[in-house]
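2 protein chains.
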Amino acid sequence: MAFVPYAIDPDLDLELVRELDVTPELVWRAWTTPELLVQWFTPKPYETTHCEIDLRPGGIFRTVMRSPEGEESDGSGCYLEVIPDERLVWTSAMLPGYRPQPGPMPFTAVIELQPTGSGGTRYRAIVLHQDAEGREQHAQMGFHEGWGAALDQLVELAKSL
Amino acid sequence: MAFVPYAIDPDLDLELVRELDVTPELVWRAWTTPELLVQWFTPKPYETTHCEIDLRPGGIFRTVMRSPEGEESDGSGCYLEVIPDERLVWTSAMLPGYRPQPGPMPFTAVIELQPTGSGGTRYRAIVLHQDAEGREQHAQMGFHEGWGAALDQLVELAKSL
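This is the structure in structure tokens:
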């Protein structure tokens with residue numbers, strides 16, 4: 007099937023778009039391999055101490071993050087779409103098996119990867135919120151800085167593989 | 007792939023299981039064709055006056071229901087899994103495109119169809135809630151009676167096709 011980019015709603019969604027000089031295959035591995043994901047997912051000095059991945063629609067995506075002060079945050083969501091090297095969709099609004107999960111700022115993340123002519127990746131991360139307040143809260147929490155810094159770490163890691 | 011039935015959590019889920027004397031193909035058609043769904047989806051004297059279906063993960067499932075007093079309820083959710091004649095999963099907790107949606111009693115429905123040896127269907131409808139209160143509220147609203155009466159209407163319709 008032809009690649010159809012996700013059409014965002016600028017009032018509700020946040021978006022990070024960047025051209026990366028690593029292949030879609032490497033970016034995909036970094037996003038879907040627990041031992042790799044823990045190395046890049048949280049901008050330093052925050053850490054991801056644990057990651058669990060069941061890479062299928064309805065499967066678990068769990069991360070445990072730790073702040074420099076030692077505060078832990080343990081969150082589970084589930085995957086919604088898994089198209090290798092191309093499109094990964096997961097949500098914080100559902101537990102594994104698609105069970106709705108309450109939470110203060112539920113979101114769904116869409117990661118789109120497209121090969122560039124030069125062996126790189128056109129990377130697009132979109133985060134969908136249920137209302138403008140959720141979007142604003144996420145933006146204030148530093149979405150662009152945070153996801154951008156994590157992506158820098160991902161690229162550095164991918165180049166070392 | 008081999009059929010793997012959904013493993014329920016009895017504290018959080020509601021389940022309706024029945025053997026039907028119509029084929030999985032006909033049950034699937036009744037669940038996924040708007041002109042058919044409006045004929046059986048709500049137990050009389052309630053009516054489904056409108057139905058919109060985009061039968062793919064992330065696609066819309068919208069119904070407009072009307073009470074005998076003329077009160078309308080317009081709800082949109084989205085599909086999560088679409089395996090023809092076998093498994094249909096949709097949720098009220100997300101709008102089309104997987105956008106989280108606030109709501110008083112979010113749920114995910116899993117419809118499982120398995121052929122019986124005699125040309126019928128082993129029908130299983132499971133509804134997943136985010137907490138025991140959601141399950142209890144749905145049970146009190148008459149889940150078993152309501153979904154059961156709608157299923158009677160579905161079977162009657164399927165036999166006429």
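Chains as they are written, first to last, in the numbering used here: chain A, 7 to 167; chain X, 7 to 167. C-beta: ideal position from N, C-alpha, C; glycine also. Values in this document were obtained by computation on a predicted structure and should not be read as measured data.
Return the bridge partner residues of residue i from the DSSP annotation.
i                      : result
residue 6 of chain X   : No information on residue 6 of chain X is available, as it lies outside the stretch 7 to 167 that chain X covers here.
residue 111 of chain A : Answer is none; residue 111 of chain A lacks a bridge partner.
residue 19 of chain A  : A:134
residue 116 of chain A : A:95, A:132
residue 106 of chain X : X:100
residue 127 of chain X : X:26, X:121
By the 10 Å Cβ neighbour count, where 16 or more other Cβ atoms means buried, how is residue i classified, buried or exposed?
i                      : result
residue 89 of chain X  : exposed
residue 107 of chain A : buried
residue 118 of chain A : buried
residue 127 of chain A : buried
residue 79 of chain A  : exposed
residue 98 of chain X  : buried
residue 33 of chain X  : buried
residue 114 of chain A : buried
residue 47 of chain A  : buried
residue 150 of chain A : exposed
residue 136 of chain X : buried
residue 145 of chain A : exposed
residue 164 of chain X : buried
residue 160 of chain X : buried
residue 9 of chain X   : exposed
residue 247 of chain X : Residue 247 of chain X falls outside the range modelled here, since chain X spans only 7 to 167, and no answer is possible.
residue 55 of chain X  : exposed
residue 148 of chain X : exposed
Does DSSP put residue i in a helix, in a strand, or in coil?
i                      : result
residue 167 of chain A : coil
residue 8 of chain X   : coil
residue 13 of chain A  : coil
Checklist entry - Which residues, taken in chain order from the region 111-130 of chain A, show a beta carbon closer than 7 Å to some beta carbon of chain C? => result Annotation note: the requested chain C is absent from the structure, which comprises protein chains A and X.
Checklist entry - What are the start and end residues of each continuous beta strand (DSSP E) run of 3 or more residues lying completely inside the region 29-103 of chain A, in chain order? => result 53-59, 66-72, 78-89, 93-97
Next on the checklist: Taking beta-carbon pairs under 8 Å, can you tell me which members of the region 60-85 of chain A lie near chain X?
Outcome noted: 63, 64
Checklist entry - When Cβ atoms are compared, which residues of the region 134-148 of chain X fall closer than 9 Å to chain A? => result 134, 135, 136, 137, 140
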